[in-house]
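Chemist:
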Amino acid sequence: MHPSDEPTDDALVTATCAGDEAAFEQLFERHRRRVARIASRFFARPEQIEEIIQESFTKAYLALHSFAGAHAASFSAWLAQITVNACYDELRRMQRRPEQQLGELNDAEAHALSTQLQRTTNASASDVESALVARDLAGKLLARLAPDDRLVLTLLDAEGLSVAEIAQLTGWSGAKVKVRAHRARAHLRRILRKYL
Amino acid sequence: MFGRPDNTADEQLDRTGQMLVRAAADNDAAAETAVNAPFLYARVRARIATAQAAERNEADEGWLALLGVARRAVPALTGVAAFVFALMLWLASGSTATANGFGDEAYYGTETGVERTVLASRDNLSGDEVLSIIVDREERGQR
């Protein structure tokens with residue numbers, strides 16, 4: 054089928070609202086990778102990412118009528134908002150669950166991280182990224198950040214989004230995003246000073 | 057001038073922090089595994105069905121909860137209404153007695169003061185008339 058023959062997202066949304074289940078499956082197939090990619094910026098385990106995919110599509114399905122009614126953004130942007138919110142909720146849930154908190158490093162991990170960081174501060178950016186193979190250590194370190202801080206830093210540094218784009222995704226004001234980013238960087242600096 | 061070393065250190069820490077964030081966010085392989093998980097769409101459909109059922113239950117439970125509250129509230133409100141009614145009756149009877157100048161004490165009491173109140177209320181007697189009645193009674197008693 055020629056790409057132009059494929060139904061648009063809006064057409065699929067309308068069909069789903071009219072009761073066409075196959076249309077929703079098409080939307081799912083079309084957007085699941087993007088949802089998974091957003092979730093993978095915050096979570097490292099496949100089952101966590103899968104949970105976010107399920108949660109995001111469920112929320113989207115249940116709110117599809119409100120989108121079809123009057124929503125300025127595209128379906129893709131709207132779904133991205135839902136996914137970021139689902140990630141944010143999950144980060145907050147994780148912080149409330151003590152067994153999920155990976156903030157504490159044991160001595161060996163702290164030493165390994167310190168060595169890695171010492172090496173990275175004296176190296177070029179490309180060396181640094183290759184040196185940081187210990188991704189779980191980075192994850193443990195970032196788990197010490199508040200969910201808001203982690204959300205903003207990830208969207209800024211990992212996704213490379215602008216303040217305006219983050220504001221649109223999260224529903225926060227631009228000023229709030231800037232303040233959050235400033236505080237998050239200060240907090241991360243304090244954490245890193247311990248290991249350098 | 058004095059802040060420069062700190063600023064440099066902060067910039068270095070910020071760069072390290074950015075690299076950490078990027079490293080922690082580099083989970084493309086995990087994302088691919090999650091996307092290709094078997095029966096993913098079926099599980100999404102199942103979750104949607106569960107959520108819809110929960111929504112319906114919540115709506116039903118809302119009505120049931122309202123009925124439950126009403127069932128508990130009706131006896132309590134009846135009790136309160138009965139109490140208020142009894143209070144009103146009691147107050148009404150009390151105010152009637154005051155208006156007419158008749159209380160139970162008027163019948164049972166033997167003090168002069170009570171008698172005087174009763175008489176004063178009923179017949180609107182002057183102080184002199186009351187005094188003369190009392191004097192008459194005392195004279196009769198002496199005889």
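Chains A and B, in that order, give the protein sequences.
If you're matching positions, the first sequence starts at 54 in the working numbering and goes up one per residue.
If you're matching positions, the second sequence starts at 57 in the working numbering and goes up one per residue.
Beta carbons are placed, not taken as given, at the ideal position from N, Cα and C, and that holds for glycine.
As the structure is a computational prediction, the values presented were derived from the model and not from experiment.
Quick one: what's got a C-beta closer than 6 Å to H84/A's C-beta in the same chain, skipping five residues either side?
Modeler: To locate residue 84/A, count along the first sequence from 1; it is residue 31. Here the set comprises L132.
Chemist: If you draw a straight line from the alpha carbon of G183/B to that of A137/B, how long is it in whole angstroms?
Modeler: In the second sequence, the residue the question calls residue 183/B occupies position 127. In the second sequence, the residue the question calls residue 137/B occupies position 81. Roughly 46 Å separates the two Cα atoms.
Chemist: With burial defined as no fewer than 16 other Cβ atoms inside 10 Å of the residue's Cβ, what is the status of Q101/A: buried or exposed?
Modeler: If you number the first sequence from 1, residue 101/A lands on position 48. Under this definition Q101/A is a buried residue.
Chemist: Using a C-beta cutoff of 8 Å, does D66/B count as contacting chain A?
Modeler: Counting from 1 along the second sequence, the entry for residue 66/B is found at position 10. It does: the Cβ of D66/B has a partner Cβ on chain A nearer than 8 Å.
Chemist: Which parts of the stretch 84-126 of chain A are runs of the beta strand (DSSP E), unbroken and 3 residues or longer, counting only runs that do not cross its ends?
Modeler: Listed in chain order, there is nothing to give.
Chemist: Classify T64/B as helix, strand or coil using the three-state DSSP reduction.
Modeler: Start at 1 with the first residue of the second sequence, and residue 64/B comes out as number 8. Three-state result, T64/B: helix.
Chemist: What are the residues of the stretch 97-114 of chain A that lie near chain B, defined by any Cβ-Cβ distance shorter than 7 Å?
Modeler: The residues in question are A97, R98, P99, I102, E103, I106, Q107, F110, T111 and Y114.
Chemist: Taking three-plus beta-carbon pairs below 8 Å as touching, is the stretch 225-235 of chain A in contact with the stretch 132-152 of chain A?
Modeler: Not touching, per the Cβ criterion.
Chemist: Can you tell me whether DSSP reads F81/A as helix, strand or coil?
Modeler: Here residue 81/A refers to the residue found at position 28 of the first sequence. Helix, per DSSP.
Chemist: Give the residues of chain B in contact with R94/A, contact being defined as C-beta atoms less than 8 Å apart.
Modeler: Your numbering for residue 94/A matches position 41 in the first sequence. Here the neighbours are A81 and N83.
Chemist: Counting contacts by CB-CB distance shorter than 8 Å, is E218/A in contact with chain B?
Modeler: Taking the first sequence and counting its residues from 1, one reaches residue 218/A at position 165. Output row for E218/A: interface = no.
Chemist: Please compile the residues from chain A whose C-beta is within a distance smaller than 7 Å of the C-beta of L136/B.
Modeler: Your numbering for residue 136/B matches position 80 in the second sequence. At residue 136/B the sequence reads Val, which differs from the Leu that was named. Taking the beta carbon of V136/B as reference, no residue of chain A falls within 7 Å; the closest one sits roughly 42 Å away.
Chemist: Compare the beta carbon distance of A97/A and A86/B with 8 Å and say whether it is the shorter of the two.
Modeler: Position 44 of the first sequence, counted from the start, is the residue given in the question as residue 97/A. Position 30 of the second sequence, counted from the start, is the residue given in the question as residue 86/B. Yes, Cβ-Cβ distance for A97/A and A86/B is below 8 Å.
Chemist: With 16 as the cutoff for other CB atoms within 10 Å, does M54/A come out buried or exposed?
Modeler: To locate residue 54/A, count along the first sequence from 1; it is residue 1. Residue placement at M54/A is flagged as unreliable, the pLDDT there being 47, under the threshold of 50; the coordinate-derived value follows with that caveat. Burial call: exposed.
Chemist: Give the interface partners of A191/A over in chain B, defined as CB-CB distance under 7 Å, in chain order.
Modeler: For the purposes of this step, residue 191/A is taken as the residue at position 138 of the first sequence. Result: L76, A79 and A80.
Chemist: Which whole-angstrom value describes the C-beta separation of L80/A and D58/A, a residue pair presumed to lie in contact below a C-beta threshold of 8 Å?
Modeler: Here residue 80/A refers to the residue found at position 27 of the first sequence. Here residue 58/A refers to the residue found at position 5 of the first sequence. Actually they are not in contact, since the Cβ atoms of L80/A and D58/A sit about 17 Å apart, beyond 8 Å.
Chemist: Any chance the stretch 134-144 of chain A sits against the stretch 121-133 of chain B, with 3 or more Cβ pairs inside 8 Å?
Modeler: no
Chemist: With burial defined as no fewer than 16 other Cβ atoms inside 10 Å of the residue's Cβ, what is the status of N113/B: buried or exposed?
Modeler: Residue numbering aside, residue 113/B sits at position 57 when the second sequence is read from its first letter. By the 10 Å Cβ count, N113/B comes out exposed.
Chemist: Round the Cβ separation of S93/A and N83/B to the nearest angstrom and send it over; I've been treating them as touching at under 8 Å.
Modeler: Working through the first sequence from its first residue, we reach residue 93/A at position 40. Working through the second sequence from its first residue, we reach residue 83/B at position 27. About 4 Å separates the two Cβ atoms, so the contact holds.
Chemist: Distance check for R196/B and I190/B, CA to CA, integer angstroms please.
Modeler: As a working note, residue 190/B is residue 134 in the second sequence. As a working note, residue 196/B is residue 140 in the second sequence. Linking I190/B to R196/B through their CA atoms gives a straight-line distance of about 10 Å.
Chemist: Any idea if A81/B is buried or exposed, counting beta-carbon neighbours within 10 angstroms, 16 or more meaning buried?
Modeler: As a first step, residue 81/B is located in the second sequence; it is residue number 25 there, counting from the start. The residue is buried, with at least 16 neighbouring Cβ atoms inside 10 Å.
Chemist: Is it buried or exposed, G72/A, if we count other Cβ atoms within 10 angstroms and call 16 or more buried?
Modeler: Residue 72/A sits at position 19 when you count from the first residue of the first sequence. Burial call: exposed.
Chemist: Please compile the residues from chain B whose C-beta is within a distance smaller than 7 Å of the C-beta of L2/A.
Modeler: The structure shown has nothing for residue 2/A, since chain A only spans 54 to 249.
Chemist: Between the stretch 75-86 of chain A and chain B, which residues of the former have a C-beta closer than 7 Å to a C-beta of the latter?
Modeler: E78, F81, R85 and R86
Chemist: Could you check what DSSP says for L147/B in three-state terms: helix, strand or coil?
Modeler: On the second sequence, position 91 is the one that residue 147/B refers to. Three-state result, L147/B: helix.
Chemist: The alpha helix (DSSP H) with P200/A in it runs from where to where?
Modeler: Indexing the first sequence from 1 puts residue 200/A at position 147. It spans P200 to L206 - the alpha helix (DSSP H) in which P200/A sits, taken as one unbroken run.
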